[in-house]
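Under the UniProt record's numbering, the first residue of the sequence shown carries the number 1, and numbering increases by one thereafter.
Written out below as structure tokens is the structure these notes cover.
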Amino acid sequence: MKSVSFRNKIITKLLVAVAVSFFVSFGLTTLTFIYIIIPLTLNHYLDDLSAFDNNMLTFLIFTLAIFTFIIIFLILVRKKIVYLKLISDNVNDIANGKLGLTIEIEGKDELTQLAQNINYMSKELENTFEQERRLERTKNELITNVSHDLRTPLTSIIGYVDLLKRGQYDSKAQLQEYLETTYLKSQRLKYLIDELFEYTHLSDIDAKLNLNEVDLSGLLEQIVGEYTPIFEKESLIVQKSITEETIPIFMDVEKMVRVYENLFMNAIKYSMKPSELSICLEVIDNKAILKVSNKAEKPPVSDPNKLFERFFRGDKARKDNQGNGLGLAISKRIVELHNGNIHAEYKEGWISFIVEHPII
């Protein structure tokens, strides 16, 4: 409908220009007859002209009318033609790879609307291609960074399998130990691969969520209840402050539960023990704010938000098995797909992870 309306407006303006040009040229021709030809005829100045000369005079008058029509029409549409040529040249430049190029906006008519739409398209194309390039760089970085994490357990598995293959063990107990170690390393390898595929999937431009309306308060109460025995086993006293108010959120429950569990497991791994773990959920400015805080001897990094970067580790070490540098990056991506925000802060011996959800 919009394209039809746009076309009709252009046609209407062209018809108006044609009509104005016709009436102006017709008027000038009429005035020529009234004030020049008729007086000359009445005064018998044209009596001596031959039939050929009369025909030539008539031809010149009609030529003047046509010429006047063309001149008036060009005057009326010249600015539009020049602007249309500018639009055409810019579209060709965009088609040749100059993404992000914008057309200067002039006036407030249909061509201006066309230029604005082309500018929007150009910016969207630039953003899309930039996002695709960024995703490609991300995937290349993932391949490079994950190679070390995969190589470590894989090398260990190959070593133990080789020992078992050559029968280099002294007892059934040692055989069982080798098998157990191989199994644990293989599980670690599977975990790394699963994390890699999950992050790659979430980073895809076409990543989709299975959204449903959920009461965030009730969901968190349930998850915290399930994790409380684990917290207590790890000598962590839970200080819970979850609002009883119903908080309606559109979310992919499975993915967001993974975010919350990731934050809880992160707190279990890196908090001081024994100590306290604070879990707070409140509503501020039509946003649901979840804050998970645990005590830490010192800030893990100068900027806690670097923890969300892929494969970033506070101590820069890559020898431990405490995560693979993707857990928080995956959590951040999931929250962003929900149009939310997640960040970290360190203050007075507490490190906090804050998740912001837009409320329905």
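Each residue gets a CB set at the ideal place from its N, CA and C atoms; glycine is no exception.
- Counting of Cβ neighbours within 10 angstroms places Gly340 among the buried residues, the total reaching 16 or more.
- Counting of Cβ neighbours within 10 angstroms places Arg133 among the exposed residues, the total staying below 16.
- Separation of the CB atoms of Asn90 and Leu101 is rounded to 6 Å, and the pair is thereby assigned contact status at 8 Å.
- Runs of the beta strand (DSSP E) lying entirely within the segment 109-166 and spanning at least 3 residues: none are present.
- In this structure, the CA atom of Val77 is about 10 Å from the CA atom of Val18.
- The C-beta separation of Leu189 from Ile157 comes to about 7 Å, placing the pair in contact by the 8 Å criterion.
- From the listed residues Glu213, Lys240 and Thr246, the smallest Cα separation to Lys291 is found for Lys240.
- Taking the CA atoms as reference points, Thr68 sits about 31 Å from Ala115.
- The beta strand (DSSP E) runs of length 3 or more contained entirely in the segment 274-313 are, from start to end of the chain, 275-284 and 287-295.
- Closest in C-alpha terms to Asn266, from the list Ile230, Asp252, Leu86 and Thr243, comes Ile230.
- By the CB criterion at 8 Å, Ala296 and Ile351 fall inside the cutoff.
- The beta-bridge partner set that DSSP reports for Gln239 consists of Ser278.
- Minimum Cα-Cα distance from Val82 among the listed residues Ser302, Thr246 and Glu104 corresponds to Glu104.
- The C-beta distance from Val301 to Val253 rounds to 31 Å, too long to meet the 8 Å contact threshold.
- Within the DSSP bridge table, the entry for Tyr183 names no partner.
- With respect to the 8 Å criterion, Pro248 and Ile360 are classified as neighbours on the basis of their beta carbons.
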